[in-house]
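**Student:** Let me begin by handing over the structure; questions about it come next.
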Amino acid sequence: MIIQIMVIVIVLTLLGFFIRNTLNNLELLGREAGYGFLFTPSNYDINQHLIEYNSRSTHLRATIVGLINTGLVAICGIVLATIIGFVAGVLRLSSNFLINRIVYAFVEFSRNVPVLLWILLWHGVMVHSLPHPKQAVTIADVSFLTNRGFYVPKPLLEPMFWWVAVALVIGIAGAAMFARYSQKRQEATGQRYPVIWINSAVIIVLPLLAYWMAGSPATLEMPVFKGFNFQGGLVLTPEFLALTLALAVYTGAFIAEIVRAGILAVSHGQTEAAYALGLKSNWTMRLVILPQALRVIVPPMISQYLNLTKNSSLAIAVGYMDVVATIGGISLNQTGRALECMSIVLSIYLCISLLISAFMNWYNKKISLVER
Amino acid sequence: MAEQNQQDYVPGTHASLPPPISQVGIAGWMRKNLFSSPSNVILTIVAVYFLYKVIPPILNWAIFDAVFSDVDHRNECREIAAGACWAVVRARFDQFLYGFYPDYLRWRVNLTFVLMFVALIPLLYDQVPKRKYLLWFSLIYPFLAFFMLWGGLGLEPVESAKFGGFLLTVLIGMTGIVVSLPLGIALSLGRHSSMPVVKMLSVWYIEFFRGVPLITLLFVASTLLNYFMPPGTYFDLLLRVIIMVILFSAAYIAEVIRGGLAAIPKGQFEAADALGLTYGKSMRLIILPQALKISIPGIVNTFIGLYKDTTLVVVVGLLDPLGISRATLADSSWQGLSTELYIFIAVGFFISCFAMSRYSLYLERKLDTGHRDK
Amino acid sequence: MKISKYLSIVLAVLALGVTGVSSAGTLDDVKERGHLQCGINTGLTGFAFTDDAGNWQGFDVALCQAVAAAVFGDASAVKYTNLTGKTRFEALKAGEVDMLSRNTTWTYSRDVDLKLTFLGVNYYDGQGFIVPASLGVSSATELEGASVCIQTGTTTELNLADFFRSNNMNYEPVPIETNEEARNSYLAGRCDVYTTDRSGLAATRASLDDPENHVVLPEIISKEPLGPLVRHGDDEWGDIVRWALNVLIIAEEKGITKDNVRAMAAETQKDAELNRMFGTEGEYGAMLGLSADWVVNVLAAVGNYGEIFEQYLGVNTDIGLARGVNALWTDGGLIYAPPYR
Numbered sequence: 005m006i007i008q009i010m011v012i013v014i015v016l017t018l019l020g021f022f023i024r025n026t027l028n029n030l031e032l033l034g035r036e037a038g039y040g041f042l043f044t045p046s047n048y049d050i051n052q053h054l055i056e057y058n059s060r061s062t063h064l065r066a067t068i069v070g071l072i073n074t075g076l077v078a079i080c081g082i083v084l085a086t087i088i089g090f091v092a093g094v095l096r097l098s099s100n101f102l103i104n105r106i107v108y109a110f111v112e113f114s115r116n117v118p119v120l121l122w123i124l125l126w127h128g129v130m131v132h133s134l135p136h137p138k139q140a141v142t143i144a145d146v147s148f149l150t151n152r153g154f155y156v157p158k159p160l161l162e163p164m165f166w167w168v169a170v171a172l173v174i175g176i177a178g179a180a181m182f183a184r185y186s187q188k189r190q191e192a193t194g195q196r197y198p199v200i201w202i203n204s205a206v207i208i209v210l211p212l213l214a215y216w217m218a219g220s221p222a223t224l225e226m227p228v229f230k231g232f233n234f235q236g237g238l239v240l241t242p243e244f245l246a247l248t249l250a251l252a253v254y255t256g257a258f259i260a261e262i263v264r265a266g267i268l269a270v271s272h273g274q275t276e277a278a279y280a281l282g283l284k285s286n287w288t289m290r291l292v293i294l295p296q297a298l299r300v301i302v303p304p305m306i307s308q309y310l311n312l313t314k315n316s317s318l319a320i321a322v323g324y325m326d327v328v329a330t331i332g333g334i335s336l337n338q339t340g341r342a343l344e345c346m347s348i349v350l351s352i353y354l355c356i357s358l359l360i361s362a363f364m365n366w367y368n369k370k371i372s373l374v375e376r
Numbered sequence: 072m073a074e075q076n077q078q079d080y081v082p083g084t085h086a087s088l089p090p091p092i093s094q095v096g097i098a099g100w101m102r103k104n105l106f107s108s109p110s111n112v113i114l115t116i117v118a119v120y121f122l123y124k125v126i127p128p129i130l131n132w133a134i135f136d137a138v139f140s141d142v143d144h145r146n147e148c149r150e151i152a153a154g155a156c157w158a159v160v161r162a163r164f165d166q167f168l169y170g171f172y173p174d175y176l177r178w179r180v181n182l183t184f185v186l187m188f189v190a191l192i193p194l195l196y197d198q199v200p201k202r203k204y205l206l207w208f209s210l211i212y213p214f215l216a217f218f219m220l221w222g223g224l225g226l227e228p229v230e231s232a233k234f235g236g237f238l239l240t241v242l243i244g245m246t247g248i249v250v251s252l253p254l255g256i257a258l259s260l261g262r263h264s265s266m267p268v269v270k271m272l273s274v275w276y277i278e279f280f281r282g283v284p285l286i287t288l289l290f291v292a293s294t295l296l297n298y299f300m301p302p303g304t305y306f307d308l309l310l311r312v313i314i315m316v317i318l319f320s321a322a323y324i325a326e327v328i329r330g331g332l333a334a335i336p337k338g339q340f341e342a343a344d345a346l347g348l349t350y351g352k353s354m355r356l357i358i359l360p361q362a363l364k365i366s367i368p369g370i371v372n373t374f375i376g377l378y379k380d381t382t383l384v385v386v387v388g389l390l391d392p393l394g395i396s397r398a399t400l401a402d403s404s405w406q407g408l409s410t411e412l413y414i415f416i417a418v419g420f421f422i423s424c425f426a427m428s429r430y431s432l433y434l435e436r437k438l439d440t441g442h443r444d445k
Numbered sequence: 037m038k039i040s041k042y043l044s045i046v047l048a049v050l051a052l053g054v055t056g057v058s059s060a061g062t063l064d065d066v067k068e069r070g071h072l073q074c075g076i077n078t079g080l081t082g083f084a085f086t087d088d089a090g091n092w093q094g095f096d097v098a099l100c101q102a103v104a105a106a107v108f109g110d111a112s113a114v115k116y117t118n119l120t121g122k123t124r125f126e127a128l129k130a131g132e133v134d135m136l137s138r139n140t141t142w143t144y145s146r147d148v149d150l151k152l153t154f155l156g157v158n159y160y161d162g163q164g165f166i167v168p169a170s171l172g173v174s175s176a177t178e179l180e181g182a183s184v185c186i187q188t189g190t191t192t193e194l195n196l197a198d199f200f201r202s203n204n205m206n207y208e209p210v211p212i213e214t215n216e217e218a219r220n221s222y223l224a225g226r227c228d229v230y231t232t233d234r235s236g237l238a239a240t241r242a243s244l245d246d247p248e249n250h251v252v253l254p255e256i257i258s259k260e261p262l263g264p265l266v267r268h269g270d271d272e273w274g275d276i277v278r279w280a281l282n283v284l285i286i287a288e289e290k291g292i293t294k295d296n297v298r299a300m301a302a303e304t305q306k307d308a309e310l311n312r313m314f315g316t317e318g319e320y321g322a323m324l325g326l327s328a329d330w331v332v333n334v335l336a337a338v339g340n341y342g343e344i345f346e347q348y349l350g351v352n353t354d355i356g357l358a359r360g361v362n363a364l365w366t367d368g369g370l371i372y373a374p375p376y377r
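Chains R, P and G are the protein sequences, given in the same order.
Note that the working numbering has the first sequence beginning at 5, numbered continuously upward.
Note that the working numbering has the second sequence beginning at 72, numbered continuously upward.
Note that the working numbering has the third sequence beginning at 37, numbered continuously upward.
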């Protein structure tokens, strides 16, 4: 008890000391801490904004734009890293010597070079080896690959499109319910429906039907070369691509090792036991091996996702406007409010991390082996 | 006919026939490892094509068409050959190693570096002769290194701003891991503790530092740390960055050691209690030695991560290898040679990180078998 | 309540104990320390760069050396802190550096809101655009829809947004951390235009393999007076930096150079201002708290303004900048120093 009180006193003393110093320093500088500046015009432009933004918008809006950009990179990176990781992890176990070695070299090179260098190198490759817009590499005349980015058609949605979204939600909900039902049925009777096929059909067909019934409420806006650049359409900038790819490859290499270890961790006896029960080989994989491998794979993989999200803050090195580059970068520079800006950035990342680790704890609890 | 044949091959009188030519030697190896099934054949063809497309251009650029000679300007490079201009690395090689550490004092850096291994060996390998004495050396080494690098007490002082290149990388990485070790142990014990307040504070600390990216902490170090100090006091930037790196890595170390603590059977704790050991004694004599031993590979991995993350200090203006490359590229004679420099740095990092990760794997295997023998 | 009261007393005592260090004025601190701590760029062609031997050199660095020479009579008594666009003001405010000589634009909010003191202008710059000649653009007003490479963390970002908005044009800003990367991206065609200060454009253009294929557009969209700065509130120290800059300018005006300054100082000059500068007449050095011959030390160490300009930026360097508005006022430029009287 005495120790605890001492700890509390020491911690509070330290905290008070810092707070007092900060107030003193701010007073000496003749400034007040405050977040009022968030509502003044930011005066700078951001090249990639998924919501309406211009240089007359507020710093707060710039922060939100940055946050959305961070989220975009994180989500794309995570999806890509998972794919790369699983493919590389499985190929790493391949009996083909060449493939095995190439993947090994890939994994080791990716893991053992700082991710910041990867980002810079990828960006260099994007910008230097892809062609100028005038000589763009075109894919079926609707998408264009240039060193200014990857231009693809942009769907323009009409109000009726809502119905398609609603249909999609209903489809997913229905599929989930069906999966549950068939699981129960399997546990009760041992018989299985082809769940994956039926569910994919439901999820795909329902929105398509809605789309057709609503009278095709979407059109495509094509990118067209005009003046200096392609105009219209959707553009993935080289900064975004470089950052996403570098993060995905770097994290993917780590995930590959996790996947490999996960698959190796499932003992061969499990496969043999499944065969002995008369399971077919794809069912063995799906019902016996994967669930056990995933138990080993998923927790470290989620912490890799968290790392990827945190590493996305290196966006600043290539000028991708994420949350660090907007509120923690340009806004900080232009207003000089370091304390306020950094506190916002730190709390944003803290929230993201806590959310992810809360999810991880929930998942761990859900899958943890109940022994004896 | 048949009888004659049988007589020709009386069992035991002839050497066994060699295996079919297709099963041994290069052919057999290729059959087994490259062409064992149709899908394998396709994979092999794809791999060979990939290597054929990728390797020759890289070799041409990096070696055959590259300039290694001692020239002073990128234009001279371009006149000689079209490939990489490694002359820039050659011209700035010392800066990449030492930063701006004075020429005539660099022996101190070298000596410190060599002594670092002397100090590390007894920690990393347990079968060293005279390990006991060497461990004492490991203990005083950090102070010795500080004295050797910064000077003072008779040695010519060198200020932090002169530090740079891989010296800075190793320095930040090593200090970060060494100083954060005790802090990390304390935190992990705190998290493992039964006192709610201590536990809560440890968890808060660990979650905070693990939850935010290092780069934002470095920004805090470069822009905000002075706000938290009494007016008038100030540390130089390198020190502030090192403090942040220590606080940061302590959280990660704490998690690694927590893993080690969790792996120790409950019986060990109970046995220690049953012997009537105090908390301090049971931790020091029974729990921690085992937990730390299990945690060593994790600590090495944390170090590798930290070592790679030191590249981030470039964003606050320290001259690590990336910072040196920035300063080099600002010199008009070497403008535009970023690829060469980045690749050089990448190779430098790859060699050191790869070696360390091999070591950590070796440790894992060693510790693994040790565990099974029990 | 009681505990918090008690705690706050403890804190106050603690705070007092540690705050014992009171600042006695920057000049005294610098003298006591034995060297000047000067904030410079992390690398900007012509202004701050390392030579192959690892010494910092450049137009901005020379001013640090001049101040060191003024205080210590030794231009090498200076240590450099490399600061990024983001860290520079915090480093100065925190006392990490004594002065900032880092191509910093003098603006109202930096002067007033950030509480910094600008001490003059050592380079009059303005933001411009460079484009490949093949683009066929002759004015910045034709840049509708262009991608513009821009160094982030500077005033150029704001100027650019203002310029395009006031001309009702769209553009894609491509923010990049360093000048070097921006230049690379521009060359690779990541953007159509590169915008930065005109001095930077000239340096960039000069370093290209084919300068003739790139044109600097005529528009100057902003005023960028670059100069040294110190913290608010230490006017004595500010005066030293201000006059270290001014004597460089006066010296050029009067024809005093690095080579002839010692010889000129050795004998009495007809021009009384020279005698005052050389410390042979009056107590001008002592007024600043410096030695009588501080001006001689400065000039012998770094040369006059014109010499510094020619050495790092002038037409004979890779950068090849003409003096332009940075010529002396007597030559039709803006460089002007108050009299040394």
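Cβ atoms here follow ideal geometry from the backbone N, Cα and C, with glycine treated the same way.
So, at 8 Å on beta carbons, what are the nonlocal neighbours of THR123(G) in its own chain, with the 5 sequence-adjacent residues on each side left out?
**Tutor:** Excluding residues within five positions, none has a Cβ falling inside 8 Å.
**Student:** Quick check on VAL117(R): does DSSP put it in helix, strand or coil?
**Tutor:** Coil.
**Student:** Since GLY327(G) and GLY321(G) should fall inside the 8 Å C-beta cutoff, what is the C-beta to C-beta distance between them, to a whole number of angstroms?
**Tutor:** It should be noted that the sequence gives Ser, not Gly, for residue 327(G). Right, their Cβ atoms sit about 5 Å apart.
**Student:** Please report how far the alpha carbon of GLY394(P) lies from the alpha carbon of THR153(G), in whole angstroms.
**Tutor:** Roughly 29 Å between the two C-alpha positions.
**Student:** Closer than 7 Å, CB to CB, is LYS437(P) near chain G or not?
**Tutor:** No, its Cβ sits nowhere closer than 7 Å to a Cβ of chain G.
**Student:** If we ignore side chains and look at the alpha-carbon of each, how far apart do LEU155(G) and GLY368(G) end up?
**Tutor:** Straight-line Cα distance between these residues: approximately 22 Å.
**Student:** State whether the stretch 231-248 of chain R contacts the stretch 54-68 of chain R, with contact taken as three or more CB pairs (one from each stretch) at a distance under 8 Å.
**Tutor:** No, the stretch 231-248 of chain R does not touch the stretch 54-68 of chain R.
**Student:** Alpha carbons only, please: which of GLU261(R), THR248(R), VAL253(R) is nearest the one belonging to SER316(R)?
**Tutor:** Answer by Cα proximity: THR248(R).
**Student:** Counting only runs of 3+ residues fully inside the stretch 167-201 of chain G, write out the beta strand (DSSP E) ranges in chain order.
**Tutor:** Whole beta strand (DSSP E) segments, 3+ residues: 182-187.
**Student:** Name the two residues that bound the continuous alpha helix (DSSP H) containing ARG226(G).
**Tutor:** Careful: ARG226(G) lies outside any alpha helix (DSSP H) and carries neither H nor E.
**Student:** Taking the straight line between their C-alpha atoms, what separation do you get for ASN215(G) and TYR276(P)?
**Tutor:** Those two C-alpha atoms are separated by around 38 Å.
**Student:** MET135(G) by DSSP, collapsed to three states: which one?
**Tutor:** MET135(G): strand per DSSP, three-state reduction.
**Student:** Below 8 Å between beta carbons is the criterion; list the residues of the stretch 222-252 of chain G that meet it against any residue of chain P, in chain order.
**Tutor:** Answer set for the stretch 222-252 of chain G: LEU223, ALA239, ALA242, SER243, ASP245.
**Student:** Roughly how many angstroms separate the alpha carbons of THR316(G) and ASP307(G), rounded to a whole number?
**Tutor:** Approximately 12 Å, taken between the alpha carbons.
**Student:** Closest to HIS250(G) by C-alpha separation, out of TYR230(G), PRO264(G), ARG267(G), would be which residue?
**Tutor:** Taking only the C-alpha atoms, the option nearest HIS250(G) is TYR230(G).
**Student:** Hey, ASP198(G) and GLY340(R) are a contact pair by Cβ (cut 8 Å); roughly how many whole angstroms apart?
**Tutor:** Their Cβ separation, rounded to whole angstroms, is 19 Å, which puts ASP198(G) and GLY340(R) out of contact at 8 Å.
**Student:** In terms of residue numbering, what span does the beta strand (DSSP E) encompassing PHE154(R) cover?
**Tutor:** 153-156 is the span of the beta strand (DSSP E), which, as asked, contains PHE154(R).
**Student:** With which residues is GLN73(G) paired in a DSSP beta bridge?
**Tutor:** Its beta-bridge partners are LYS115(G).
**Student:** Specify, as a first and last residue, the run of the beta strand (DSSP E) that GLN101(G) falls within.
**Tutor:** Here GLN101(G) belongs to no beta strand (DSSP E); instead the alpha helix (DSSP H) covers 95-108.
**Student:** Span of the beta strand (DSSP E) holding ASN58(R)?
**Tutor:** From DSSP, ASN58(R) is part of no beta strand (DSSP E); its letter is neither H nor E.
**Student:** Taking the beta carbon of HIS53(R) as the centre, do at least 16 other beta carbons fall within 10 Å, making it buried, or is it exposed?
**Tutor:** Buried, since its Cβ has 16 or more Cβ neighbours within 10 Å.
**Student:** In whole angstroms, what is the alpha-carbon distance linking SER202(G) and THR191(G)?
**Tutor:** Each residue's alpha carbon lies about 17 Å from the other.
**Student:** Does chain P have any CB closer than 7 Å to the CB of ARG376(R)?
**Tutor:** Low per-residue confidence applies at ARG376(R): pLDDT is 45, beneath 50, and the placement is therefore not dependable, though the value from the model is reported in the following sentence. No - not a single Cβ of chain P is within 7 Å of the one on ARG376(R).
**Student:** Buried or exposed, going by whether 16 or more other CB atoms sit within 10 Å of the CB of ILE143(R)?
**Tutor:** Exposed, because fewer than 16 other Cβ atoms sit within 10 Å of the Cβ of ILE143(R).
**Student:** Spatial neighbours of ALA183(R) within its chain, please: C-beta separation below 8 Å, excluding the five flanking residues on both sides.
**Tutor:** If we look at ALA183(R) and ignore the five residues flanking it on each side, its Cβ neighbours are VAL199, ASN203.
**Student:** Which word fits ARG60(R), buried or exposed, when buried means at least 16 other C-beta atoms lie within 10 angstroms of its C-beta?
**Tutor:** Exposed: under 16 other Cβ atoms inside 10 Å.
**Student:** Could you tell me whether any Cβ in chain R is nearer than 7 Å to the Cβ of LEU88(P)?
**Tutor:** So no, LEU88(P) is outside the interface.
**Student:** In whole angstroms, give me the CA-to-CA distance for ILE79(R) and LEU238(P).
**Tutor:** When rounded, the distance between both Cα atoms is 36 Å.
**Student:** So for GLU319(G), helix, strand or coil by DSSP?
**Tutor:** It is coil, neither helix nor strand.
**Student:** Would you kindly work out how many angstroms separate the C-alpha atoms of GLY282(R) and PHE258(R), rounded to a whole number?
**Tutor:** In a straight line, the C-alpha of GLY282(R) is about 35 Å away from that of PHE258(R).
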